[in-house]
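**Q**
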Amino acid sequence: MLDIGFEQKRETGLQYILDSMTACTPYGAELIKRTVPYASEQKAELIVELNNIERAVLGLAECGEDYRLLMQQLSLFKDIRRSLKKCMELPLSEVELFEIKRFLINLRSLVPLFETVDRSAGFENIELIGCESALKLLDPDEKSAAGFHISGSYSERLKSIRKEKREIEERIRRESDKDAREQLMQQRLITAAAEDAEEAKVRKEISKKLRAYVPDLEHNINCIARLDTTIQKALIALKYGAVKPEISDHVSFTDMINPMLSDKFQKQGRAFVPISVELKFGSTVITGANMGGKSVALKTIALNVMLCQMGFFAFAKSASIPVFDSMRFLFKEPFDPEYSLSSFGSEIIWLNEAASDIKNGRPVLIIADEFARGTNPDEGALIVRAVVKVFDSARCVAVFSTHYDQASQCASCHYQVKGLKNADIKKLAEKITDAKEGLKIIAKSMDYGLYKVEGKADCPRDALNICRLLALDKSILDEIKKSY
Amino acid sequence: MDYKTGRMLLNLLDGYPSVSILGMCKNAGKTTVLNRLISESAGSDALAITSIGRDGETADVVTGTKKPSIYIREGMMFATATGLLPQCDVTKEILFTTGFYTPMGEVVVLRALSDGNVQLAGPSMTEQLMKLKKVFLSFGAGRIFTDGAVSRKTLCDPGICDAAILCAGASCNKDMSEVIKDAAFFTSIFTLDEVREDEIPGGAKLFLRRSGSWEAAADSDAVDEVIRKEHFDHTRRLYMNGALTDSFLKKLFMAGEKGRGVEITVHDASKILLSRAVYEKFTRIKGRITVFRPFRLAAVAINPFSAYGHHFNKEAFLRQMQSAVSIPVINVEDLPDVGYRF
Numbered sequence: 004m005l006d007i008g009f010e011q012k013r014e015t016g017l018q019y020i021l022d023s024m025t026a027c028t029p030y031g032a033e034l035i036k037r038t039v040p041y042a043s044e045q046k047a048e049l050i051v052e053l054n055n056i057e058r059a060v061l062g063l064a065e066c067g068e069d070y071r072l073l074m075q076q077l078s079l080f081k082d083i084r085r086s087l088k089k090c091m092e093l094p095l096s097e098v099e100l101f102e103i104k105r106f107l108i109n110l111r112s113l114v115p116l117f118e119t120v121d122r123s124a125g126f127e128n129i130e131l132i133g134c135e136s137a138l139k140l141l142d143p144d145e146k147s148a149a150g151f152h153i154s155g156s157y158s159e160r161l162k163s164i165r166k167e168k169r170e171i172e173e174r175i176r177r178e179s180d181k182d183a184r185e186q187l188m189q190q191r192l193i194t195a196a197a198e199d200a201e202e203a204k205v206r207k208e209i210s211k212k213l214r215a216y217v218p219d220l221e222h223n224i225n226c227i228a229r230l231d232t233t234i235q236k237a238l239i240a241l242k243y244g245a246v247k248p249e250i251s252d253h254v255s256f257t258d259m260i261n262p263m264l265s266d267k268f269q270k271q272g273r274a275f276v277p278i279s280v281e282l283k284f285g286s287t288v289i290t291g292a293n294m295g296g297k298s299v300a301l302k303t304i305a306l307n308v309m310l311c312q313m314g315f316f317a318f319a320k321s322a323s324i325p326v327f328d329s330m331r332f333l334f335k336e337p338f339d340p341e342y343s344l345s346s347f348g349s350e351i352i353w354l355n356e357a358a359s360d361i362k363n364g365r366p367v368l369i370i371a372d373e374f375a376r377g378t379n380p381d382e383g384a385l386i387v388r389a390v391v392k393v394f395d396s397a398r399c400v401a402v403f404s405t406h407y408d409q410a411s412q413c414a415s416c417h418y419q420v421k422g423l424k425n426a427d428i429k430k431l432a433e434k435i436t437d438a439k440e441g442l443k444i445i446a447k448s449m450d451y452g453l454y455k456v457e458g459k460a461d462c463p464r465d466a467l468n469i470c471r472l473l474a475l476d477k478s479i480l481d482e483i484k485k486s487y
Numbered sequence: 098m099d100y101k102t103g104r105m106l107l108n109l110l111d112g113y114p115s116v117s118i119l120g121m122c123k124n125a126g127k128t129t130v131l132n133r134l135i136s137e138s139a140g141s142d143a144l145a146i147t148s149i150g151r152d153g154e155t156a157d158v159v160t161g162t163k164k165p166s167i168y169i170r171e172g173m174m175f176a177t178a179t180g181l182l183p184q185c186d187v188t189k190e191i192l193f194t195t196g197f198y199t200p201m202g203e204v205v206v207l208r209a210l211s212d213g214n215v216q217l218a219g220p221s222m223t224e225q226l227m228k229l230k231k232v233f234l235s236f237g238a239g240r241i242f243t244d245g246a247v248s249r250k251t252l253c254d255p256g257i258c259d260a261a262i263l264c265a266g267a268s269c270n271k272d273m274s275e276v277i278k279d280a281a282f283f284t285s286i287f288t289l290d291e292v293r294e295d296e297i298p299g300g301a302k303l304f305l306r307r308s309g310s311w312e313a314a315a316d317s318d319a320v321d322e323v324i325r326k327e328h329f330d331h332t333r334r335l336y337m338n339g340a341l342t343d344s345f346l347k348k349l350f351m352a353g354e355k356g357r358g359v360e361i362t363v364h365d366a367s368k369i370l371l372s373r374a375v376y377e378k379f380t381r382i383k384g385r386i387t388v389f390r391p392f393r394l395a396a397v398a399i400n401p402f403s404a405y406g407h408h409f410n411k412e413a414f415l416r417q418m419q420s421a422v423s424i425p426v427i428n429v430e431d432l433p434d435v436g437y438r439f
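Taken in sequence, the protein lines are chains X and B. Numbering-wise (the numbering used here), the first sequence opens with residue 4 and increments by one. Numbering-wise (the numbering used here), the second sequence opens with residue 98 and increments by one.
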């Protein structure tokens with residue numbers, strides 16, 4: 004399943020990236036909006052897309068002015084797809100014919116600008132086709148004027164009606180008697196109606212002839228959409244210093260970031276600690292303190308894998324992914340009001356779907372944040388260990404964050420968030436008077452880095468420290484300490 | 098007035114390239130004025146017309162009365178909604194599609210390749226009108242007429258129009274004296290005195306004049322408190338950076354003696370959203386409104402015929418209107434016919 008829901012796009016920060024892109028054309032904007040990950044059988048297309056972005060990144064850096072002109076020209080295009088669709092069945096209105104003529108004029112100027120850029124870039128799969136004869140159809144007098152009107156050269160009859168109408172109009176201008184003028188006005192209306200009928204006939208004719216060019220126009224629209232998106236993807240890659248991912252057989256990222264969270268942290272005055280991971284097929288478990296960044300790590304992995312498979316560069320120093328056949332994410336507790344399932348119930352349904360995905364042997368990505376957290380801890384730990392074990396031997400990259408002990412022993416790989424391990428809690432706690440201040444100090448003292456754990460290691464015990472730092476009510480805190 | 102050339106209305110608008118025709122109500126006689134202006138401006142600058150909302154129907158949508166259509170000449174530009182194009186019988190050249198949508202379709206800009214009738218439905222948002230004006234100018238328009246209504250305060254925004262003609266008709270009220278009082282009220286709002294200031298203050302809603310400069314007032318919502326507590330200059334002046342409303346003035350009335358004789362400056366007439374009653378009360382306590390950006394109301398055009406059946410005595414209407422306002426008053430129907438001598 005490669006269909007990513009809006010909620011997951013929003014939560015991982017994918018929507019943030021898509022929203023930050025401002026396409027030049029309505030075609031590009033729609034393509035970006037509808038971007039989905041490439042399917043595993045579309046690997047070749049994905050590679051073409053990534054190569055095209057690489058060319059655009061290089062081009063933008065080396066001949067920025069050419070790209071600026073190209074983008075400026077792109078921004079003149081309006082959406083004519085509805086008119087093209089209508090054209091296949093019905094005659095077009097004057098305004099629709101005008102829009103198509105504008106498109107053709109804009110296309111004529113775009114072609115040389117694209118060729119300049121393409122000479123050094125050599126984009127694959129983007130070929131613009133000139134449409135001069137279509138333009139000639141809409142500009143029979145070859146005036147190359149910006150406007151459109153139903154020229155008399157389309158029809159002799161139209162020409163003669165207009166001549167007749169003009170003669171009446173001349174007489175109206177000369178007539179000083181009001182009543183006589185009114186009579187001429189009535190006469191004029193009859194000729195104007197005849198003009199209208201003849202224009203309709205001509206419009207029908209032009210629309211019919213235009214049909215032959217619709218496939219070429221649609222081809223150009225698709226190319227413009229791809230060109231626009233490629234440039235936008237290159238621009239965002241340049242903005243965040245993103246890299247082209249390798250398509251291989253494992254997930255690996257060095258110093259990966261999540262722009263949404265990174266920008267959010269920056270506003271709060273803290274830095275995003277880049278994450279490096281190497282995820283082979285099988286299960287990986289991430290453990291660590293509360294507030295230590297486990298969810299951040301999972302969302303960052305999910306975001307970057309999705310982006311790479313959608314034909315974007317990765318927000319990392321190096322990146323590598325296999326082309327997954329399916330991606331399943333579990334972030335917040337899912338709740339299904341339709342079936343009135345509890346959060347645990349919904350998690351089990353989700354798990355079942357993930358379990359069926361791995362059966363066909365094609366690569367699957369599974370990411371779950373604190374699976375089974377809502378049930379009793381003894382059973383929860385048992386369940387998580389079992390799940391980790393099953394996915395560990397399947398052809399999937401499965402990443403679980405958990406607080407349950409020993410889950411990591413069932414996985415072939417274990418990462419830990421350092422958290423407050425190296426902080427002097429007693430000293431820190433002395434300074435804190437309220438929760439708000441505590442939050443700041445926690446953020447400052449927390450080590451958000453992700454480290455690979457070799458050998459055995461249990462979950463860190465930081466919950467009590469967090470309670471202290473958030474200035475938890477003393478009577479409760481004392482009670483906890485008694486049984487600790 | 099220039100009876101020789103027939104340019105009786107147009108001469109009042111000399112030096113104002115962008116003019117709106119403001120109706121005090123429906124059927125106030127705007128189309129008659131617009132047609133007259135089009136006829137009178139034959140041979141002068143390239144003309145462009147549009148309207149705020151819909152206008153130019155042969156029958157009024159609300160009352161069903163027969164209305165004059167707008168008859169334009171070859172070469173003129175006009176902006177209207179695509180839905181009205183079938184009712185425009187000029188030979189058309191499409192010049193530009195604006196991307197502004199009305200209930201009757203997108204607003205498009207056209208050039209008339211022949212004389213003929215048009216119906217207008219232009220944009221209604223300030224920003225759109227400003228953009229449309231730019232489009233007209235880019236296609237070579239030298240003069241723009243906008244058909245509008247006094248309720249569209251946007252049209253007195255100096256960014257959109259420099260001058261206007263006010264249309265007052267018998268359709269506005271059965272009582273002639275009420276029509277005249279309303280016209281006098283709008284006339285005073287649209288002919289407010291200009292205050293010259295090198296730099297218009299910003300960054301706050303309300304300012305007080307103190308020792309020769311504008312100072313932001315602490316609380317813009319409670320003007321009565323401001324006046325009671327803070328110290329004015331002897332000039333007793335305020336600058337309202339935003340809309341001047343009834344509720345603002347009503348609070349001022351609560352300030353008692355201190356609220357008398359105050360001068361309130363606003364940016365331009367489009368910011369004045371006052372009812373006649375409140376404005377009249379304000380002038381009774383010697384209040385005065387001034388503007389940084391003046392607007393020129395060139396004339397009042399009267400229409401003694403009502404779409405609802407009652408008609409005013411045209412001589413009395415003209416005479417009484419003339420004594421109520423300080424600008425020229427014209428009954429277009431009584432002007433010598435200029436026909437369509439384009």
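Think of the CB as a built atom: it goes at the ideal place given N, C-alpha and C, for glycine as much as any other residue. From a predicted model like this one, the values you see are computed outputs, not experimental measurements.
1. Would you please state the rounded distance, in angstroms, between the beta carbons of residue 262 of chain X and residue 317 of chain X? I believe it to be under 8 angstroms.
2. Using a Cβ-Cβ cut-off of less than 7 angstroms, give me the residues of the stretch 151 to 178 of chain X that come near chain B, in sequence order.
3. What residues from the stretch 363 to 378 of chain B come within 8 angstroms of chain X, judged by C-beta to C-beta, listed N to C?
4. Residue 228 of chain X by DSSP, collapsed to three states: which one?
5. Would you kindly check if the distance between the Cβ of residue 369 of chain X and the Cβ of residue 401 of chain X is under 8 angstroms?
6. Is there at least one Cβ from chain X nearer than 8 angstroms to residue 430 of chain B's Cβ?
7. Under a Cβ-count criterion, where at least 16 other Cβ atoms within 10 Å of its own Cβ denotes burial, should residue 191 of chain B be classed as buried or exposed?
8. Of all the beta strand (DSSP E) runs that stay within the bounds of the stretch 367 to 420 of chain X, which reach a length of 3 or more residues?
9. Mind listing the chain X neighbours of residue 436 of chain B? Cutoff is C-beta to C-beta under 7 angstroms, in chain order.
10. Which whole-angstrom value describes the C-beta separation of residue 429 of chain B and residue 260 of chain B, a residue pair presumed to lie in contact below a C-beta threshold of 8 angstroms?
11. Determine which residues of the stretch 165 to 191 of chain B have a Cβ less than 9 angstroms from any Cβ of chain X, and write them out in chain order.
12. Quick one: using the 10 Å Cβ neighbour count with 16 as the cut-off for buried, is residue 436 of chain X buried or exposed?
13. Whole angstroms is fine: what's the gap from residue 428 of chain X's alpha carbon to residue 468 of chain X's?
14. Have a look at B:337, B:213, B:228 and B:426 and flag the residue whose alpha-carbon is nearest the alpha-carbon of residue 277 of chain B.
15. Ignoring anything shorter than 3 residues or poking outside the stretch 220 to 302 of chain B, list the beta strand (DSSP E) runs there in chain order.
16. Using CA atoms only, rank isn't needed, just tell me which of B:371, B:144 and B:335 is closest to residue 355 of chain B.
17. Under 8 angstroms, with one C-beta from each stretch per pair, do the stretch 471 to 483 of chain X and the stretch 295 to 309 of chain X reach the 3-pair mark?
18. Flag residue 243 of chain B as yes if its beta-carbon sits less than 8 angstroms from any beta-carbon of chain X, otherwise no.
19. Quick one: using the 10 Å Cβ neighbour count with 16 as the cut-off for buried, is residue 423 of chain X buried or exposed?
20. Is residue 368 of chain B buried or exposed, if buried means 16 or more other CB atoms sit within 10 Å of its CB?
21. I'd like to know if the stretch 200 to 210 of chain X and the stretch 141 to 159 of chain X are in contact, where contact means that at least 3 CB-CB pairs between them fall below 8 angstroms.
22. If you run the structure through DSSP and keep just helix, strand and coil, what is residue 46 of chain X?
23. So for residue 457 of chain X, helix, strand or coil by DSSP?
24. How many Å lie between residue 105 of chain X and residue 237 of chain B at the Cα?
25. Taking 8 angstroms as the CB-CB limit, is residue 137 of chain X close to chain B?
26. In whole angstroms, what separates the C-alpha of residue 123 of chain X from that of residue 187 of chain B?
27. Kindly give me the distance between the Cβ atoms of residue 331 of chain X and residue 360 of chain X, rounded to whole angstroms, as I take these residues to be in contact under 8 angstroms.
28. On a Cα-Cα basis, can you pick out the residue from B:365, B:370 and B:375 that is closest to residue 349 of chain B?
29. Compare the beta carbon distance of residue 38 of chain B and residue 392 of chain B with 8 angstroms and say whether it is the shorter of the two.
30. From the DSSP output, which residues share a beta bridge with residue 214 of chain B?
31. Of the residues that make up the stretch 101 to 118 of chain X, which ones have a beta carbon closer than 7 angstroms to any beta carbon in chain B?
32. Any chance the stretch 264 to 281 of chain B sits against the stretch 123 to 137 of chain B, with 3 or more Cβ pairs inside 8 angstroms?
33. Is it buried or exposed, residue 400 of chain B, if we count other Cβ atoms within 10 angstroms and call 16 or more buried?
34. Is there contact between the stretch 231 to 246 of chain B and the stretch 133 to 153 of chain B, where contact requires at least three CB pairs shorter than 8 angstroms?
35. For residue 86 of chain X, count neighbouring C-beta atoms within 10 Å of its own C-beta (all shown protein chains included) and say buried if the count is 16 or more, exposed if not.
**A** So, from the listed chains and residues:
1. That belief does not hold up - the Cβ atoms of residue 262 of chain X and residue 317 of chain X are roughly 11 angstroms apart, past 8 angstroms.
2. 151, 152, 165, 168, 169, 172, 175, 176 and 178
3. none
4. helix
5. yes
6. no
7. buried
8. 367 to 372 and 399 to 404
9. 178, 179 and 184
10. Actually they do not touch by this definition, with Cβ atoms about 17 angstroms apart.
11. 168, 170, 171, 179, 182, 183, 186, 187, 188, 189, 190 and 191
12. exposed
13. 7 angstroms
14. B:426
15. 240 to 246 and 260 to 266
16. B:335
17. no
18. no
19. buried
20. buried
21. yes
22. helix
23. coil
24. 20 angstroms
25. no
26. 50 angstroms
27. 7 angstroms
28. B:375
29. Outside the shown range of chain B (98 to 439) lies residue 38 of chain B, about which nothing can therefore be said.
30. B:168
31. 101 and 102
32. yes
33. buried
34. yes
35. buried
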